[in-house]
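Here the structure is laid out as structure tokens; the discussion comes afterwards.
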Amino acid sequence: MKRKRSGLLPRVLIAIALGVALGLFVPDWFSRIFVTFNEIFSQLLGFMIPLIIVGLVTAAIGDLGKGAGKMLLVTVAIAYLDTVVVALFGYGVGSAMFPGIISRVGTADDIAEAVALEPYFRISIPAMFDVMAALVFSFAMGLCIANNKMPVMKSFFEEFRLFITRVISNLIIPLLPLYIFGVFLGMAATGQVFSVLKVFALIILVIFVLHLLVLLYEFVVAGLITHRRPLKLLWNMLPAYFTALGTSSSAATIPVTVERCKVNGVKEDIADFTVPLCATIHMPGSAMKITCCAIAVCLMSGIPVEFGKFIEFVLMLGIMMVAAPGVPGGAIMASLAPLSSILGFDAEQQALMIALYIAMDSFGTACNVTGDGAVALIIQKIFKK
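Quick note on numbering: numbering that gives the first Met the number 0 labels position 347 of the sequence shown as 346, and the sequence is numbered without any gaps.
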């Protein structure tokens with residue numbers, strides 16, 4: 000499940016504020032302490048990314064099973080398709096609007112200039128294998144587990160997924176605020192931070208509006224398929240939206256989402272099946288937000304926003320969203336693999352992605368949860384329940 004993340008957001012905001020404030024007057028020797036920490040932490044992230052793919056994707060594919068019901072497969076397919084379509088929508092809007100926004104703010108400089116301080120020392124932690132090898136292995140092993148009786152291997156990868164989830168929740172996530180503090184401390188020391196923060200504010204505003212448009216699109220599609228009034232269906236789901244907005248937790252919102260689906264005429268067995276499943280695999284708001292953030296960071300870094308690259312990124316991102324771990328910040332952590340392997344993001348660019356994503360995390364969760372109601376309506380129509 001996508002669990003509560005409200006505790007992470009305040010820590011990240013405090014880290015950004017402290018990094019900006021202290022970076023304006025502390026000496027370079029002090030800043031370099033945190034630059035050194037960031038260098039080590041980025042090496043740890045690079046080491047973990049292939050393991051995260053193996054731990055999450057293998058278990059997610061294996062969970063489908065050879066005898067997976069038709070309703071399960073259809074629900075997974077709809078969740079993936081919707082996630083990809085919404086992410087591509089985010090790419091279209093972002094690639095059209097963000098260049099003008101960023102050029103007006105005047106921050107087309109390379110992000111490397113914002114973190115130009117050198118660490119005191121470097122430690123190399125090479126990955127056990129690269130990202131593509133991890134993906135190929137995960138798909139091959141996951142499909143074997145799903146289509147054959149391999150209880151020992153299935154149990155192993157379920158426990159490996161638990162290990163990865165624990166590493167993310169107990170090691171990486173707690174250190175993220177310190178990592179982000181170091182990044183913004185370095186940017187403040189080199190005078191780039193205020194331009195970056197201006198871009199953040201404008202991008203967050205645009206993405207909030209896009210979330211509302213995504214919900215309209217999802218319920219227009221559901222309304223057309225079910226021959227119901229889309230705005231009425233969406234209106235009935237608003238209690239789930241505001242519950243998720245307040246809790247930043249799709250898991251905590253499940254009872255409200257199920258109840259509102261029933262108000263929309265979804266039968267109890269469909270709602271009880273679809274909503275908990277979609278709370279885990281249906282993350283279009285998060286995927287769109289990550290895509291838009293990636294475009295913004297590309298433009299700030301001077302990386303070309305190529306359609307071919309982003310198609311590849313979005314298709315892989317959809318898989319990573321289905322397999323995202325149920326921990327705070329799980330979606331953005333799972334997306335680090337395609338961000339680094341496809342878009343070529345380095346550690347500092349990934350840190351900006353994490354900060355920008357978490358700054359508006361609750362809006363993505365609310366979009367995901369509310370859209371689950373549209374999926375439930377479509378599933379009921381398909382299976383004529």
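We treat Cβ as the ideally placed atom computed from N, Cα and C, and that holds for glycine.
>> Taking a contact to mean a Cβ-Cβ separation below 8 Å, would you say M352 touches I171 in this structure?
In response: Here residue 352 is taken as the residue at index 353 of the sequence shown, counted from 1. Here residue 171 is taken as the residue at index 172 of the sequence shown, counted from 1. Result no, Cβ atoms of M352 and I171 do not sit closer than 8 Å.
> Three or more C-beta pairs closer than 8 Å, one from the stretch 254 to 264 and one from the stretch 228 to 239: is that the case here?
Replying inline: yes
> For I15, does the three-state DSSP call read helix, strand or coil?
Replying inline: Reading the sequence shown from its first residue, position 16 is the one you call residue 15. Correct three-state label for I15: helix.
> Measuring CA to CA, which of I331, V205, E267, F162 is closest to F88?
Replying inline: For this step, residue 88 is matched to residue 89 along the sequence shown. If we check each option's Cα against that of F88, V205 comes out closest.
> Are H281 and D81 close, meaning C-beta to C-beta below 8 Å?
Replying inline: Position 282 of the sequence shown holds residue 281. Position 82 of the sequence shown holds residue 81. Yes.
> Given that a residue counts as buried once 16 or more other Cβ atoms are within 10 Å of its Cβ, and exposed if not, what is G301?
Replying inline: As a first step, residue 301 is located in the sequence shown; it is residue number 302 there, counting from the start. With fewer than 16 Cβ atoms within 10 Å of its Cβ, G301 is classed as exposed.
>> Can you look up P283 in the DSSP assignment and give me helix, strand or coil?
In response: Your numbering for residue 283 matches position 284 in the sequence shown. Looking at P283 - three-state DSSP - the assignment turns out to be helix.
> What span of residues does the alpha helix (DSSP H) with F382 cover, start to end?
Replying inline: By 1-based counting over the sequence shown, the position of residue 382 is 383. Element bounds for F382: n/a, residue is neither H nor E.
> Going by other Cβ atoms of all chains shown within 10 Å of its Cβ, with 16 needed for buried, is E217 buried or exposed?
Replying inline: Here residue 217 is taken as the residue at index 218 of the sequence shown, counted from 1. Looking at its Cβ environment, which holds 16 or more other Cβ atoms inside 10 Å, E217 is buried.
> Beta-carbon separation of G141 and V56 under 8 Å?
Replying inline: For the purposes of this step, residue 141 is identified with residue 142 of the sequence shown, where counting begins at 1. For the purposes of this step, residue 56 is identified with residue 57 of the sequence shown, where counting begins at 1. Cβ distance < 8 Å, so G141 and V56 count as in contact.
> Between which two residues does the alpha helix (DSSP H) carrying S123 extend?
Replying inline: As a working note, residue 123 is residue 124 in the sequence shown. Note, S123: premise wrong, no alpha helix (DSSP H); not H, not E.
> If P118 and V34 are in contact, beta carbons under 8 Å, what's the gap, nearest whole angstrom?
Replying inline: The residue given as residue 118 occupies position 119 in the sequence shown. The residue given as residue 34 occupies position 35 in the sequence shown. Sure, about 5 Å apart at Cβ, within 8 Å.
>> Can you confirm whether the stretch 362 to 369 touches the stretch 282 to 298 when touching is taken to mean that 3 or more C-beta pairs between the two stretches lie within less than 8 Å?
In response: yes
> If we count the other Cβ atoms within 10 Å of its Cβ and call it buried at 16 or more, is F156 buried or exposed?
Replying inline: Here the question's residue 156 lines up with position 157 in the sequence shown. F156 comes out buried.
> So what does DSSP say about M149, is it helix, strand or coil?
Replying inline: Stepping through the sequence shown from its first residue, residue 149 is reached at position 150. The answer is coil: DSSP assigns M149 none of H, G, I, E or B.
> Leaving out the 5 sequence neighbours to the left and right, which residues in its chain are closer than 7 Å to V84 when beta-carbon positions are compared?
Replying inline: Along the sequence shown, one-based indexing puts residue 84 at 85. Cβ within range, chain order: n/a, list empty.
> Thinking C-beta only, is P173 closer than 8 Å to A14?
Replying inline: Along the sequence shown, read from residue 1 onward, the residue named residue 14 stands at position 15. Along the sequence shown, read from residue 1 onward, the residue named residue 173 stands at position 174. No, they are not a contact pair.
> Taking the alpha helix (DSSP H) that F306 falls in, what are its first and last residues?
Replying inline: Position 307 of the sequence shown, counting from 1, holds the residue named residue 306. Element bounds for F306: 306 to 321.
> In the structure shown, what three-state DSSP assignment does V368 receive?
Replying inline: Counted from its first residue, the sequence shown places residue 368 at position 369. If DSSP states are grouped into helix, strand and coil, V368 belongs with the helices.
> Taking Cβ positions only, does L72 come closer than 8 Å to chain C?
Replying inline: Absent here is chain C; the protein component of the structure consists of one chain.
> For N263, which of helix, strand or coil comes out of DSSP?
Replying inline: Translated into positions along the sequence shown, residue 263 becomes position 264. N263: coil per DSSP, three-state reduction.
> Roughly how many angstroms lie between the CA atoms of T273 and R121, to the nearest whole one?
Replying inline: As a first step, residue 273 is located in the sequence shown; it is residue number 274 there, counting from the start. As a first step, residue 121 is located in the sequence shown; it is residue number 122 there, counting from the start. Between T273 and R121, the C-alpha separation is close to 48 Å.
> At what residues does the alpha helix (DSSP H) containing P229 begin and finish?
Replying inline: In the sequence shown, the residue the question calls residue 229 occupies position 230. Its alpha helix (DSSP H) spans residues 229 to 235.
>> Quick check: what's the CA-CA separation for A188 versus D268?
In response: Sequence index remark: in the sequence shown, residue 188 carries index 189 (1-based). Sequence index remark: in the sequence shown, residue 268 carries index 269 (1-based). Going from the Cα of A188 to the Cα of D268 covers about 57 Å.
> Which residue comes first and which comes last in the alpha helix (DSSP H) that contains G185?
Replying inline: Translated into positions along the sequence shown, residue 185 becomes position 186. Where G185 is concerned, the enclosing alpha helix (DSSP H) stretches over 172 to 188.
> Are the beta-carbon atoms belonging to S334 and L316 less than 8 Å from one another?
Replying inline: One-based indexing of the sequence shown puts residue 334 at position 335. One-based indexing of the sequence shown puts residue 316 at position 317. The answer is yes: Cβ separation under 8 Å.
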